[in-house]
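Worksheet: one structure, shown below.
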Amino acid sequence: MQGNTSIRENLIWQVEAGIDECIAEAPIDRFAETATKVAERATQQSAQPAEQQGSAKPGVRSRTPEAIAGRQAPTPPTSQNSAPERAVQSAVAAAGAAKSIAELRAAVEAFEDCALKKTAMNTVFADGNPEAKIMFVGEAPGADEDRKGLPFIGASGQFLDQMLASIGLDRTNYYITNVVFWRPPGNRNPTTGEIAACLPFVERHIELVDPEILVLLGGPASKTLLGMKEGITKIRGQWFDYATAGLSRPVQAMPLYHPAYLLRSPAHKRDAWRDLLEIKQKLS
Ligand code: URA
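Going by my numbering, the sequence shown opens with residue 547, and the numbers climb by one from there.
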């Protein structure tokens, strides 16, 4: 009896900690894998000329987690930087070096400095048509997305597809990604540090796709990319300029309610419908 209770409590504890599915017969020590990769990278870097080591590309913004949260100026890279700052710097360097979407995907897949990667099954990079006029950015992959390596294919993705079909959009004429590329364990919200480590890739992604319209799904994506403090209820349905040094002109960006939120709060569907019509008009 005692044994059963403690097994049950242990399982409940694991589910609450985000260990909510079994993905292999035997445990994999991902921290040991990472240590090996870090050691390999250190060996490769020490073999490179000094000027190639960790150099951020000019013109690509680097932001610390604090800078994202408060829109402060980024801290300049120093050897005393904290691990989250070093993660952002290495993301800036890797993202800035990518000259195509394929190169960016490879850089994201090779990136080891976002903790979410350690618990995820797959990298969820993007789906849809990278030539599309319109690009959507969501929050984070869920369990279905993690299993298949594609964004927005679970319940909220299917609902989003229905919403977008009503204004003539499908994955042949829109492109979609998230502000983080790996599933947060237990579907918790991504932390500021995790978002900061992925942000240089997301910004570069937008530069390489160079859409005419950017739609930010939910509060976290909107706040991260527009640097705003206001909640989604205040800013949804409005057009903002999204600009980075790598874009030839500002992109028109609109925050929209996240489809998962609309599934939980159907009363807001009417506002979302209004926003979709506004997007349709802008597209035409
Ligand atoms: N929610 C998101 O924000 N992104 C996904 O890919 C799936 C669900």
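We treat Cβ as the ideally placed atom computed from N, Cα and C, and that holds for glycine.
Item	Value
Under the three-state DSSP convention, the category residue 791 falls into	coil
Near the ligand URA: residue 771 beta-carbon under 7 Å from a heavy atom	no
For residue 761: DSSP bridge partner residues	682, 800
Span separating the alpha-carbon of residue 647 from that of residue 779	32 Å
Residue 703 Cβ short of 7 Å to the ligand URA heavy atom set	yes
Inter-stretch contact (C-beta, 8 Å, three-pair minimum) for the stretch 688 to 708 and the stretch 804 to 815	yes
Beta-carbon proximity list for residue 494, same chain, < 8 Å, skipping 5 on both sides	Since the first residue shown for the chain is 547 and the last is 830, residue 494 is missing from the structure and cannot be characterised.
Rounded separation between residue 766 and residue 772 - CA only	10 Å
8 Å Cβ cutoff met for residue 712 and residue 822	yes
Cβ neighbour criterion (16 or more within 10 Å) applied to residue 729	buried
Close beta carbons around residue 596, own chain, < 6 Å, minus the five adjacent residues each side	Legend: pLDDT at residue 596 = 39, less than 50; position of this residue unreliable, no value from coordinates given.
Residue 635 classed as buried or exposed, judged by whether at least 16 other C-beta atoms fall within 10 angstroms	buried
Closer than 7 Å: residue 685 CB and nearest the ligand URA heavy atom	yes
Local Cβ density within 10 Å of residue 674, reported as buried at 16 or more and exposed below that	buried
In DSSP terms, what residue 786 is bridged to	799
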